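What follows is one structure encoded as structure tokens, with my remarks underneath.
Protein chains: 2
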Amino acid sequence: MPFAVIMAGGRGERFWPRSRMAKPKQFLNLIGEKTMLQLTVERLEGLIGIPYIYIVAGPEFKDIILEQIPQLPEENVIIEPFGRDTAAAIGLAALVLGQKNPREVMIVLPADHYIGNVRNFHEVLRSAAATASRGDNIVTLGITPHSPETGYGYINRGELIDTSAGISTYRAARFLEKPDINRALEFLASGDYLWNSGMFVWRIDLIRKMIEKHIPLLAEGLKEIEDSLETDQYPKTVQKIYLELPKVSIDYGLMERAGNVYVIPCDFGWDDIGSWTALERYVEKDVLGNVLHGEGILLDTVNTYVISNDRTVALVGVEDLIVVNDYDSLLICHKSRAQEIKKVVQALKDKGFDNVL
Amino acid sequence: MPFAVIMAGGRGERFWPRSRMAKPKQFLNLIGEKTMLQLTVERLEGLIGIPYIYIVAGPEFKDIILEQIPQLPEENVIIEPFGRDTAAAIGLAALVLGQKNPREVMIVLPADHYIGNVRNFHEVLRSAAATASRGDNIVTLGITPHSPETGYGYINRGELIDTSAGISTYRAARFLEKPDINRALEFLASGDYLWNSGMFVWRIDLIRKMIEKHIPLLAEGLKEIEDSLETDQYPKTVQKIYLELPKVSIDYGLMERAGNVYVIPCDFGWDDIGSWTALERYVEKDVLGNVLHGEGILLDTVNTYVISNDRTVALVGVEDLIVVNDYDSLLICHKSRAQEIKKVVQALKDKGFDNVL
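Sequence order for the protein chains is A and B. Residue 1 is where the first sequence starts when you use our numbering, and the numbers rise one by one after that. Residue 1 is where the second sequence starts when you use our numbering, and the numbers rise one by one after that.
What follows is the structure in structure tokens.
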């Protein structure tokens, strides 16, 4: 059975003030009762058993992961002592899982995305795992774009490789960084470009070989860590080596350079829920387009999203706002600026308000 | 020496959520360190000594009054068991003060107004008290209007009576209720209309006679209360009688009907600070017109007034808002709707949110 590796190291700054350093987006119940991480694990039910699910995160998140996924074996939490971007996190996971079975398939999934059509998601992963299990190619999941997003990387699909079981697999001709709006419009119009979802499927031995080839400095560090695996030197070694690992994303460090990458175009209701306005698509609105989580009154208020769990709110004559009143912070952001909440977090940091981050 | 009677029974609903049932506007430090009541008492310094200052309010405010004005003798708090509008409150004060000296002058002042030029305020009150001390006429203070306000009553001035000591006193030809905007524009253009400030000066015996004449039911009730004054029956009597007193304003019940009323046009920087937007004139703004009481960041935020003493705020891309984040409530109101905060309070009441009122 393939392994699933859930990447839970994100900071979710665009969901401040609900998302905090100590409890970022993936650990919040933004949609319904369950947290994004819980939904991500639950989504694998019927596809991958709990013993085969691993979660990569910093040491500060170990407790919250085990609390939210109580059935997860403790050793299935792979701790990164520091954040060193996705290539290092994936390399460490491949190394740990390689101890189990280096010829097994490993599925990499972000911890904080939403997928509407789980059945189709499983079909795609089954097909991807089957392709990847041959050991020659990486399979990536590309999302069929519905809008000219400038916040995602794109994958340019090449020749059609396979269409078995109703799933089309293409060669990935190119990986492209976030485009400007004109390029994004071209990508959308051409029909040959897909959003890079950050979901990858490969055999463990293949990804390790590819890291050796494309990110040799990372491979070296990982080798040193590997030598200490299952010895009492491991914690000290990983702590020491990790600090010096190159900080590079798997996309930039490897995907953009590798030739043996496939992509499956997916249309299973994927959403990275990248901001408060994205989240709004998944919560119920009143007739004027308002959402009120909490209690209070909205007078002549339109298209406004309010979260205030501990204080009664009264809004009068406002529109297009995001309002989040949290236990020590209050955000009021025009919806058109929802992407800039990262800037808010930076500005708060610069001003020394670290206690609310 | 004249008595000053400060009317401290207001509800200040337009300052919700800072102003509450239990601690309305007059007890808040909206401007600077001191509360509106403290500023009102302080403003009389050099004109009226503390022993001659009386404050009328409900029983729930006795403690806060004595706390805020610690030098005030306890017996100078005149307790109304229920709010019965201004005529009853003034009648009760006149009755209590009449015990001291019925031929003395009594100055009625609201507890929650602002006056910029205290020196001129004193000059006006000295002149008004001198005129009133003759015992034939009520003297009212009318404010020279600078804008066509529809939220105030107006006084139409008649013939010039006196100009001694540089203070002009006119006969008050008519008292008018709040006008619509067209009438208010006419009033402003004519130059013969003044805002009714709610500040009155009269001899105690005169106002009592006038209440007898114009509001006989109120006079009857007050007579019954008077009979119990300085007996142990007083608390019970005032409680019983007050409930049945007619609920009428001194303007409607008396001023509009009386013939012996004078008015002094005043231009001493009066402001009733009737709303959050009015208050803004007295607090320092940043270069973009923002006020931030509390800590946090304002990104691309314009002309916005924020009070958040216990939570760090971040505002992004908003303008013309009033934001008040209080210990259990959050108000976000477009500035153009500041007058409607009374409606908010009513709506919260209707919805059963009494705990935040």
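Where a beta carbon is used, it is the ideal one built from N, C-alpha and C, also for glycine. Since the model is a prediction, treat every value here as computed from it, not as a measurement.
Can you name the start and end residues of the alpha helix (DSSP H) that residue i belongs to?
| i | result |
| --- | --- |
| residue 138 of chain B | Element bounds for residue 138 of chain B: not the alpha helix (DSSP H) but the beta strand (DSSP E), 138–143. |
| residue 8 of chain B | First-last for residue 8 of chain B: undefined, no H or E at that position. |
| residue 190 of chain A | 181–190 |
| residue 347 of chain B | 341–350 |
| residue 120 of chain B | 118–132 |
| residue 235 of chain B | 234–242 |
| residue 41 of chain B | 36–42 |
| residue 277 of chain A | 276–279 |
Taking only three categories from DSSP, how would you classify residue i?
| i | result |
| --- | --- |
| residue 21 of chain A | coil |
| residue 101 of chain A | coil |
| residue 85 of chain A | helix |
| residue 65 of chain A | helix |
| residue 176 of chain B | strand |
| residue 260 of chain B | coil |
| residue 16 of chain A | coil |
| residue 167 of chain A | coil |
| residue 313 of chain A | strand |
| residue 31 of chain B | coil |
| residue 48 of chain A | coil |
| residue 74 of chain A | helix |
| residue 287 of chain B | coil |
| residue 211 of chain A | helix |
| residue 148 of chain A | coil |
| residue 254 of chain A | helix |
Can you tell me which residues form a DSSP beta bridge with residue i?
| i | result |
| --- | --- |
| residue 106 of chain B | B/3 and B/202 |
| residue 294 of chain A | A/308 |
| residue 325 of chain A | A/308 and A/330 |
| residue 156 of chain A | A/174 and A/193 |
| residue 319 of chain A | A/302 |
| residue 114 of chain B | B/271 |
| residue 265 of chain A | A/142 |
| residue 248 of chain A | Answer is none; residue 248 of chain A lacks a bridge partner. |
| residue 227 of chain B | DSSP, once it has assigned bridges, lists no residue as partnering residue 227 of chain B. |
| residue 162 of chain A | A/169 |
Is there at least one non-hydrogen atom of the ligand HEM closer than 8 Å to the beta-carbon of residue i?
| i | result |
| --- | --- |
| residue 20 of chain B | What this structure holds is no ligand at all, so the ligand HEM is not there to describe. |
Does residue i come within less than 9 Å of chain A when only Cβ atoms are used?
| i | result |
| --- | --- |
| residue 314 of chain B | yes |
| residue 329 of chain B | yes |
| residue 318 of chain B | yes |
| residue 334 of chain B | yes |
| residue 286 of chain B | no |
| residue 323 of chain B | yes |
| residue 151 of chain B | no |
| residue 343 of chain B | yes |
| residue 355 of chain B | yes |
With a cut-off of 9 Å, does the C-beta of residue i fall near any C-beta of chain B?
| i | result |
| --- | --- |
| residue 347 of chain A | yes |
| residue 15 of chain A | no |
| residue 308 of chain A | yes |
| residue 97 of chain A | no |
| residue 291 of chain A | no |
| residue 251 of chain A | no |
| residue 33 of chain A | no |
| residue 297 of chain A | yes |
| residue 156 of chain A | no |
| residue 224 of chain A | no |
| residue 340 of chain A | yes |
| residue 232 of chain A | no |
With a cut-off of 8 Å on the beta carbons, I'd call residue i and residue j a contact; round off their distance for me.
| i | j | result |
| --- | --- | --- |
| residue 108 of chain A | residue 15 of chain A | That pair is no contact at about 22 Å. |
| residue 169 of chain B | residue 250 of chain B | In fact, because the Cβ distance is near 20 Å, the residues do not count as touching under 8 Å. |
| residue 78 of chain A | residue 56 of chain A | 5 Å |
| residue 254 of chain B | residue 214 of chain B | 5 Å |
| residue 19 of chain A | residue 12 of chain A | 4 Å |
| residue 336 of chain A | residue 317 of chain B | 6 Å |
| residue 296 of chain B | residue 324 of chain B | That pair is no contact at about 14 Å. |
| residue 73 of chain A | residue 59 of chain A | Going by Cβ atoms, the distance from residue 73 of chain A to residue 59 of chain A rounds to 17 Å, so no, they are not a contact pair. |
| residue 144 of chain A | residue 184 of chain A | The Cβ separation is near 14 Å, so there is no contact. |
| residue 289 of chain A | residue 302 of chain A | 6 Å |
| residue 245 of chain A | residue 88 of chain A | 5 Å |
| residue 115 of chain A | residue 276 of chain A | No, residue 115 of chain A and residue 276 of chain A are not in contact; Cβ-Cβ is about 20 Å, not under 8 Å. |
| residue 53 of chain B | residue 76 of chain B | 6 Å |
How would you write the range of the beta strand (DSSP E) that residue i sits in, first residue to last?
| i | result |
| --- | --- |
| residue 54 of chain B | 53–57 |
| residue 79 of chain A | 77–79 |
So which residues on chain D does residue i lean against when the C-beta distance must stay under 9 Å?
| i | result |
| --- | --- |
| residue 11 of chain A | The structure shown contains no chain D; the protein chains it does contain are A and B. |
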